[in-house]
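To start, the structure under review is shown below, and the notes come after it.
Protein chains: 2
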Amino acid sequence: MSLLLRALRGEDTEVAPVWIMRQAGRHLPEYRALKERHDFWTLARTPELTAEVTLQPVRRYGMDGAILFSDIMTPLPPMGLELDFRPGPVLAAPVRDRAAVDALRVPAQDEVAPFVADAIRLLRAELGEVPLIGFGGAPLTLATYAVEGSGSKEYATFRAFLRAEPDAAHALLDKLAETSIAYLRMQVEAGAQAIQLFDSWAGLHDARTYAAFGATYARRVLDGLADLGVPRIYLALDGAHLEHAVAALPCEALSVDWRRPLTTWRTVAPGKALQGNLDPAALLAPTEALADEVERVLDEGRGGAHVFNLGHGIFPNTSPDAVARLVEVVRGHDRHAEAG
Amino acid sequence: MSLLLRALRGEDTEVAPVWIMRQAGRHLPEYRALKERHDFWTLARTPELTAEVTLQPVRRYGMDGAILFSDIMTPLPPMGLELDFRPGPVLAAPVRDRAAVDALRVPAQDEVAPFVADAIRLLRAELGEVPLIGFGGAPLTLATYAVEGSGSKEYATFRAFLRAEPDAAHALLDKLAETSIAYLRMQVEAGAQAIQLFDSWAGLHDARTYAAFGATYARRVLDGLADLGVPRIYLALDGAHLEHAVAALPCEALSVDWRRPLTTWRTVAPGKALQGNLDPAALLAPTEALADEVERVLDEGRGGAHVFNLGHGIFPNTSPDAVARLVEVVRGHDRHAEAG
């Protein structure tokens, strides 16, 4: 079994596997070249292009895993929410009341995104031994966009919606959870060997709100994948205050941001593989400082399974040379050697 | 002594004093009326207008404290950093290297912002028994803007700068700390009876980075005010992962955001007054739900000194009626009554 899948299943491997969130994307010149000819949504919905973009960082860096190039909004249009990119995702008609929730469809597994299934099949044929990670947004994070309608700093509309219309919010989260299960099961059946569930906006909420509207539905989705036998990774960005609820979720691995050391997360979630958590800003630092920070994260990741990654997506202005250096340092680090 | 100052000094008062972050500003129709005739920077730099805007929420709601209407960027122009509002603050020439740091001045106490001193003197004459809270940005947060040059979601440039130019960063923070001490001492000498230090971007950093570049300089500023004898309030937004460093700072009160219950903060910082921490989104909820959330925060604030406030600034689309209702619930809540 590949290094990545062994670590995601809890093995304390001698070398940490490495991949990087948003590794397929704007920091790569070969991606930017493709992007000049096709818009984002075309790249994400044309299987051959999706596969090509997904493969680019694996070819360049020899990453231990590929992650499907896609957008977490992908399941919204088949539910009936019209989506546009300018360049961030914008909904034509955000969900603001119960009637709008009731009008949403829960698409069948083969209706959510057939182009993603096709891309995954192409990728499996190309990737050989390198595992493919599928992904989706957690219901709370999908609901954040569905209600707010676009990116925002505060997501005030969504936070108010949870209080003004709790029943409609639960009905929305229920439909998003069912759609997500269908979407992610499809990805696994098409060939994805692990799944990452992104709860990018979980950290915006207090622990009580997260327990009611976030953890409940993340759990439902993760439980809905349990019988497939692939490792499930859950990411709650900015989730230090949600630690207990997050640690209790049914998943094999937690992807954590840079704010807290892995040593702390190891104590909070002793049974889980940890993924992370270099500050993406470290990749903009001089080579020496970058190498020091990578070593520190590797040291903090000892004492259990660790998948090296960033604490959040790579910044678009990162140099590919810095990423190559990061991979080199991770590969050269013996996690079982006595600490120096 | 006023209810607010008693609570800030650690008294477990029977009724919680209440004020609201950004209470003077866009949610008030009387502020928007003034704003049609004067731009933000004019309002913040014309003593009579600043005093008028500061007084508006005290008049309307009978708040237990007034907070100086100003911008945390105020000390940057006298240091040599040209500032413009379009409408967010933008620096003409952000600080990006050691030479730019060395070129910055540390203004004398009477040079930082004489218009603020004048506004404070006008306000003290008008406010009577209602205390006036002065404020400033903590050095880390001021440095964030000084380097980034404008608002940002990730502050990638600043986070990279801390790694690429640590010596220049420390030199910058040193000058910002000295300027902040001068600015805040001036506010107290002009009549401010409490000081709030805003570290709005502290939570962006990991605990190690915050300890080196954040807490060190926040401590310096707070220590630099100690002999004045006014209560010092420190706010670290999104600071759950920084709890130990924050709790150790030399201040009488911690202002905390809505993410974590006051009960948890009470355990982390047992000797300090707590200020907060209603989610600003609760003010957009139906009246019944708002009252329930206010009561919950009040209950969580028991067992020590509590200043009722929001966990972050009020949203501009908040109705003044909701704020009035909030104040009414806080006033009607006996903190020493047996829990119902």
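Chains as they are written, first to last, in my numbering: chain B, 1335 to 1674; chain F, 1335 to 1674.
Even glycine gets a Cβ: it sits at the ideal position worked out from N, Cα and C.
Rounded C-alpha distance that separates residue i from residue j
{"i": "Ala1358 (chain F)", "j": "Leu1466 (chain F)", "result": "13 Å"}
{"i": "Leu1644 (chain F)", "j": "Asp1561 (chain B)", "result": "44 Å"}
{"i": "Glu1629 (chain F)", "j": "Val1661 (chain F)", "result": "11 Å"}
{"i": "Ser1514 (chain F)", "j": "Arg1455 (chain F)", "result": "19 Å"}
{"i": "Pro1448 (chain B)", "j": "Met1407 (chain B)", "result": "15 Å"}
{"i": "Pro1332 (chain B)", "j": "Val1440 (chain B)", "result": "What is shown of chain B runs 1335 to 1674, which leaves residue 1332 (chain B) out entirely."}
{"i": "Tyr1489 (chain F)", "j": "Arg1360 (chain B)", "result": "18 Å"}
{"i": "Tyr1517 (chain B)", "j": "Ile1648 (chain F)", "result": "38 Å"}
{"i": "Ala1524 (chain F)", "j": "Glu1460 (chain F)", "result": "14 Å"}
{"i": "Ala1570 (chain B)", "j": "Ser1484 (chain F)", "result": "27 Å"}
{"i": "Arg1669 (chain B)", "j": "Val1564 (chain B)", "result": "25 Å"}
{"i": "Asp1501 (chain B)", "j": "Arg1493 (chain B)", "result": "14 Å"}
{"i": "Ile1354 (chain F)", "j": "Val1657 (chain F)", "result": "9 Å"}
{"i": "Glu1675 (chain B)", "j": "Thr1598 (chain B)", "result": "The shown model of chain B, from 1335 to 1674, leaves out residue 1675 (chain B), and the question about it has no answer."}
{"i": "Ala1434 (chain F)", "j": "Leu1618 (chain B)", "result": "20 Å"}
{"i": "Thr1384 (chain B)", "j": "Pro1421 (chain B)", "result": "18 Å"}
{"i": "Pro1314 (chain F)", "j": "Leu1438 (chain F)", "result": "Only positions 1335 to 1674 of chain F appear in this structure, which leaves residue 1314 (chain F) out of reach."}
{"i": "Thr1550 (chain F)", "j": "Gly1471 (chain F)", "result": "14 Å"}
{"i": "Glu1386 (chain F)", "j": "Leu1362 (chain F)", "result": "13 Å"}
{"i": "Ala1546 (chain B)", "j": "Ala1442 (chain F)", "result": "52 Å"}
{"i": "His1667 (chain F)", "j": "Ala1426 (chain F)", "result": "49 Å"}
{"i": "Tyr1568 (chain B)", "j": "Asp1557 (chain F)", "result": "42 Å"}
{"i": "Val1424 (chain B)", "j": "Ser1486 (chain F)", "result": "20 Å"}
{"i": "Leu1616 (chain F)", "j": "Leu1588 (chain B)", "result": "Residue identity differs from the one stated: residue 1616 (chain F) is Ala in this sequence, not Leu. Taking the straight line from one Cα to the other gives about 30 Å."}
{"i": "Leu1368 (chain F)", "j": "Thr1543 (chain B)", "result": "37 Å"}
{"i": "Asn1651 (chain B)", "j": "Leu1417 (chain F)", "result": "26 Å"}
Exposure of residue i, with buried meaning 16 or more beta-carbon neighbours within 10 Å
{"i": "Glu1634 (chain F)", "result": "buried"}
{"i": "Glu1318 (chain B)", "result": "As displayed, chain B neither begins before 1335 nor continues past 1674, which places residue 1318 (chain B) out of reach and without an answer."}
{"i": "Glu1509 (chain F)", "result": "Residue identity check: residue 1509 (chain F) is Lys in the sequence provided, not Glu. It is buried - the Cβ of Lys1509 (chain F) has at least 16 other Cβ atoms within 10 Å."}
{"i": "Ala1579 (chain B)", "result": "buried"}
{"i": "Met1335 (chain B)", "result": "exposed"}
{"i": "Glu1348 (chain B)", "result": "exposed"}
{"i": "Lys1606 (chain B)", "result": "buried"}
{"i": "Thr1376 (chain F)", "result": "exposed"}
{"i": "Glu1499 (chain B)", "result": "buried"}
{"i": "Ala1671 (chain F)", "result": "exposed"}
Proximal residues to residue i (C-beta, below 8 Å), its chain only, five neighbours per side dropped
{"i": "Arg1553 (chain B)", "result": "Leu1583, Pro1584"}
{"i": "Asp1444 (chain F)", "result": "Ala1451, Met1520"}
{"i": "Asp1675 (chain F)", "result": "With chain F running from 1335 to 1674 in the structure shown, residue 1675 (chain F) is simply not present."}
{"i": "Leu1559 (chain F)", "result": "Ile1515, Leu1518, Arg1519, Val1522, Ile1529, Arg1566"}
{"i": "His1575 (chain B)", "result": "Gly1537, Asp1540, Ala1541"}
{"i": "Leu1596 (chain F)", "result": "Val1590, Leu1608, Gly1610, Asn1611, Val1631, Glu1634, Gly1635, His1640"}
Own chain, CB closer than 6 Å to residue i, minus 5 neighbours either side, in chain order
{"i": "Gly1548 (chain B)", "result": "Leu1474, Ala1536"}
{"i": "Phe1642 (chain B)", "result": "Ala1350, Val1352, Val1664"}
{"i": "His1646 (chain F)", "result": "Asp1591, Pro1614"}
{"i": "Pro1391 (chain B)", "result": "Gln1357, Ala1358, Met1397"}
{"i": "Asp1405 (chain F)", "result": "Ala1378"}
{"i": "Gly1399 (chain F)", "result": "Leu1338, Trp1353, Pro1465, Ile1467"}
{"i": "Phe1403 (chain B)", "result": "Ala1358, Thr1384, Val1387, Thr1388"}
Residues near residue i by beta carbon distance below 7 Å, same chain, minus five either side
{"i": "Val1602 (chain B)", "result": "Glu1577, Ala1581"}
{"i": "Arg1594 (chain B)", "result": "Ala1574"}
{"i": "Gly1637 (chain B)", "result": "Arg1600"}
{"i": "Thr1491 (chain F)", "result": "Val1481, Glu1482"}
Within 9 Å, strictly: CB atoms of residue i and residue j
{"i": "Asp1533 (chain B)", "j": "Gly1573 (chain B)", "result": "yes"}
{"i": "Glu1333 (chain F)", "j": "Ala1526 (chain F)", "result": "Residue numbering for chain F in the displayed model covers 1335 to 1674; residue 1333 (chain F) lies beyond these limits and cannot be assessed."}
{"i": "Ala1453 (chain B)", "j": "Pro1409 (chain B)", "result": "no"}
{"i": "Glu1586 (chain F)", "j": "Arg1432 (chain F)", "result": "no"}
{"i": "Glu1370 (chain B)", "j": "Arg1394 (chain B)", "result": "no"}
{"i": "Ala1477 (chain B)", "j": "Leu1457 (chain B)", "result": "no"}
{"i": "Arg1659 (chain B)", "j": "Glu1627 (chain F)", "result": "no"}
{"i": "Asp1436 (chain B)", "j": "Ala1505 (chain B)", "result": "yes"}
{"i": "Ala1511 (chain F)", "j": "Val1555 (chain F)", "result": "yes"}
Within-9 Å CB hit, residue i to chain A
{"i": "Phe1449 (chain B)", "result": "The chain labelled as chain A is not found among the protein chains of the depicted structure, namely B and F."}
Residue i CB to nearest heavy atom of the ligand MG below 8 Å
{"i": "Asp1431 (chain B)", "result": "The ligand MG is absent from the structure shown, which contains no ligands of any kind."}
### Task
Scan the segment 1529-1551 of chain F for residues whose Cβ lies nearer than 7 Å to a Cβ of chain B and list them as they occur along the chain.
Across the segment 1529-1551 of chain F, CB contacts with chain B closer than 7 Å involve Asp1540, Ala1541, in sequence order along the chain.
### Query
Between the segment 1611-1624 of chain F and chain B, which residues of the former have CB atoms less than 9 Å from a CB of the latter, in chain order?
Under the 9 Å Cβ criterion, the segment 1611-1624 of chain F contributes Asn1611, Asp1613, Pro1614, Ala1615, Ala1616, Leu1617, Leu1618, Ala1619, Pro1620, Ala1623, Leu1624.
### Query
Quick one, which residues of the segment 1466-1493 of chain B are near chain F if we go by CB-CB under 9 Å, in chain order?
Taking a C-beta cut-off of 9 Å against chain F, the contacting residues of the segment 1466-1493 of chain B are Gly1485, Lys1487, Glu1488, Tyr1489, Ala1490, Thr1491, Phe1492, Arg1493, listed in chain order.
### Query
Going along the segment 1495-1506 of chain F in order, which residues come within less than 7 Å of chain B, judged by CB to CB distance?
Those would be Arg1497, Ala1498, in chain order.
### Query
When you check each C-beta in the segment 1397-1431 of chain B against every C-beta of chain F, which residues fall closer than 7 Å?
So the list is empty, because no residue satisfies the distance condition.
### Task
Could you run through the segment 1592-1609 of chain B and flag, in chain order, every residue whose CB is less than 9 Å away from some CB of chain F?
Per Cβ criterion, the list reads Trp1592, Arg1593, Arg1594, Pro1595, Thr1598.
### Task
Select from the segment 1568-1590 of chain B all residues with a C-beta closer than 7 Å to any C-beta belonging to chain F, and list them in chain order.
Going along the segment 1568-1590 of chain B in chain order, one finds Asp1572, Ala1574, His1575 with a Cβ nearer than 7 Å to chain F.
### Query
the segment 1632-1645 of chain F: which residues have C-beta closer than 7 Å to a C-beta of chain B, in chain order?
Those would be none; no residue qualifies.
### Message
So if I threshold CB-CB distances at 8 Å, which residues from the segment 1647-1663 of chain F count as touching chain B?
### Response
Only Phe1649, Asn1651 from the segment 1647-1663 of chain F bring a Cβ to less than 8 Å from some Cβ of chain B.
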